[in-house]
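First the structure, in the form of structure tokens, and then the observations on it.
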């Protein structure tokens, strides 16, 4: 049992009471009892009303991450098995599980940990001290549950190398958990083959959250000339190629990303149709415009331009710039796919920014569809709404007539 009790200030912890899982340092009134950072504590409201149990870390602004709201629930091996099993059963029902996000932190009620499955390899990212202590148990439990379905995991790689770990008072960690293995893993998604580099690729090696957004482009890209900006390892470009596009150009500023994308094109026998260029998208789009280039489809999948509320204004400028440049390169009646993966770029703000970009270049937009992240990245309706981050639009772009 927990020996420390955390009491919340009167009128605070509104996000927690709305379904969230975080308690910030400025919401805490008192902490009584002994604890070490990473321990489980009991959380009570100002009047002693039980709010939940979670792990504490006074090094972090997010001081407590809630694990359960039930007073009689203990955080033990049975509890972890319940959480992990629920996460896997959800994926089996909602997603293609050959490669998917198996555990998505707070949205799976396991705050601070992400586990991606690429074929027979797991990649884990642990970002909070309390969950880091539970990481071995979570991974062992997950491997055992997957084995029940005939899925033998041949290796686990850790990518807990994000800067946010420093804010938790933790070191950044990267490397094998258990025996070493070949970290280049071939996966298949939407009929497209990829070589995923779980050791040196971005984040956990591959962005699984756009899986069904990429699939949504298949019908639109058939027989078309396509420009894929911020292509990373070529995922949207390759989906366009597989779908029957006549010509695809993928652009990214990363030489490593372009090299991996080129390799992926060869893997899919698409080298004659899909080519890649290493360039700064912000510099290239005006150059293409000057040359009079036009595309049937333009895809904009930029990295998060903002990772904090403080830099949202600059992010808006960036999103507005690439969207208006992208619209200028779309043929009349062609299509624009555009997205934002920043949590702080709200759906309302992103929509407003796109509308302003269209007005600036005198284009009319007809919305084909609006999408979010794939179902293996579930959106938890909660106080912080932290799990909802990906916004994805497909528009038809029309000239004023």
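Numbering (the working numbering), first residue to last: 1 to 401.
Backbone N, C-alpha and C define an ideal beta-carbon position, used for all residues, glycine too.
Since we're looking at a predicted model, the values are computed, not measured.
Does DSSP put residue i in a helix, in a strand, or in coil?
{"i": "residue 221", "result": "helix"}
{"i": "residue 373", "result": "coil"}
{"i": "residue 319", "result": "helix"}
{"i": "residue 194", "result": "strand"}
{"i": "residue 61", "result": "coil"}
{"i": "residue 88", "result": "helix"}
{"i": "residue 250", "result": "strand"}
{"i": "residue 333", "result": "strand"}
{"i": "residue 282", "result": "helix"}
{"i": "residue 154", "result": "coil"}
{"i": "residue 126", "result": "strand"}
{"i": "residue 361", "result": "coil"}
{"i": "residue 238", "result": "helix"}
{"i": "residue 338", "result": "strand"}
{"i": "residue 402", "result": "As shown, the chain starts at 1 and ends at 401. That puts residue 402 outside it, with no answer to give."}
{"i": "residue 204", "result": "coil"}
{"i": "residue 260", "result": "helix"}
{"i": "residue 348", "result": "helix"}
{"i": "residue 301", "result": "coil"}
{"i": "residue 379", "result": "coil"}
{"i": "residue 187", "result": "strand"}
{"i": "residue 75", "result": "coil"}
{"i": "residue 296", "result": "strand"}
In chain order, what residues of the same chain have a beta carbon less than 6 Å from the beta carbon of residue i, not counting five sequence neighbours either side?
{"i": "residue 257", "result": "232, 233"}
{"i": "residue 394", "result": "337, 368, 369"}
{"i": "residue 283", "result": "none"}
{"i": "residue 392", "result": "213, 339, 371"}
{"i": "residue 221", "result": "240, 243, 245, 297"}
{"i": "residue 379", "result": "387, 388"}
{"i": "residue 319", "result": "353"}
{"i": "residue 124", "result": "115, 158"}
{"i": "residue 299", "result": "228, 236, 337"}
{"i": "residue 131", "result": "112, 113"}
{"i": "residue 143", "result": "153"}
{"i": "residue 95", "result": "375, 376"}
{"i": "residue 265", "result": "271, 274"}
Could you name the residues of the same chain whose beta carbon sits closer than 7 Å to that of residue i, not counting the 5 residues immediately before and after it, in chain order?
{"i": "residue 191", "result": "242"}
{"i": "residue 106", "result": "21, 380, 386, 387"}
{"i": "residue 288", "result": "329"}
{"i": "residue 29", "result": "7, 8, 9, 46"}
{"i": "residue 343", "result": "386, 389"}
Work out the CA separation of residue j and residue i for me, nearest whole Å.
{"i": "residue 225", "j": "residue 356", "result": "26 Å"}
{"i": "residue 326", "j": "residue 400", "result": "17 Å"}
{"i": "residue 206", "j": "residue 260", "result": "11 Å"}
{"i": "residue 252", "j": "residue 285", "result": "12 Å"}
{"i": "residue 270", "j": "residue 276", "result": "11 Å"}
{"i": "residue 255", "j": "residue 230", "result": "12 Å"}
{"i": "residue 80", "j": "residue 88", "result": "12 Å"}
{"i": "residue 86", "j": "residue 54", "result": "19 Å"}
{"i": "residue 310", "j": "residue 316", "result": "12 Å"}
{"i": "residue 373", "j": "residue 210", "result": "6 Å"}
{"i": "residue 129", "j": "residue 75", "result": "15 Å"}
{"i": "residue 63", "j": "residue 56", "result": "6 Å"}
{"i": "residue 290", "j": "residue 397", "result": "19 Å"}
{"i": "residue 25", "j": "residue 66", "result": "14 Å"}
{"i": "residue 332", "j": "residue 272", "result": "26 Å"}
{"i": "residue 217", "j": "residue 268", "result": "18 Å"}
{"i": "residue 27", "j": "residue 43", "result": "11 Å"}
{"i": "residue 99", "j": "residue 347", "result": "27 Å"}
For residue i, count the other beta carbons within 10 Å of its own beta carbon; 16 or more makes it buried, fewer makes it exposed. Which is it?
{"i": "residue 302", "result": "buried"}
{"i": "residue 165", "result": "buried"}
{"i": "residue 115", "result": "buried"}
{"i": "residue 204", "result": "buried"}
{"i": "residue 82", "result": "exposed"}
{"i": "residue 402", "result": "The structure shown has nothing for residue 402, since the chain only spans 1 to 401."}
{"i": "residue 196", "result": "buried"}
{"i": "residue 172", "result": "exposed"}
{"i": "residue 323", "result": "buried"}
{"i": "residue 148", "result": "exposed"}
{"i": "residue 163", "result": "exposed"}
{"i": "residue 377", "result": "buried"}
{"i": "residue 92", "result": "exposed"}
With DSSP as the reference, identify every bridge partner of residue i, one or two as the case may be.
{"i": "residue 159", "result": "174"}
{"i": "residue 52", "result": "43"}
{"i": "residue 99", "result": "118"}
{"i": "residue 22", "result": "65"}
{"i": "residue 8", "result": "28"}
Closer than 8 Å by C-beta to residue i: which residues in its own chain qualify, once you throw out the five before and the five after it? Chain order, please.
{"i": "residue 167", "result": "59, 60, 61"}
{"i": "residue 122", "result": "102, 115, 116, 139, 142, 143, 153, 155, 156, 157"}
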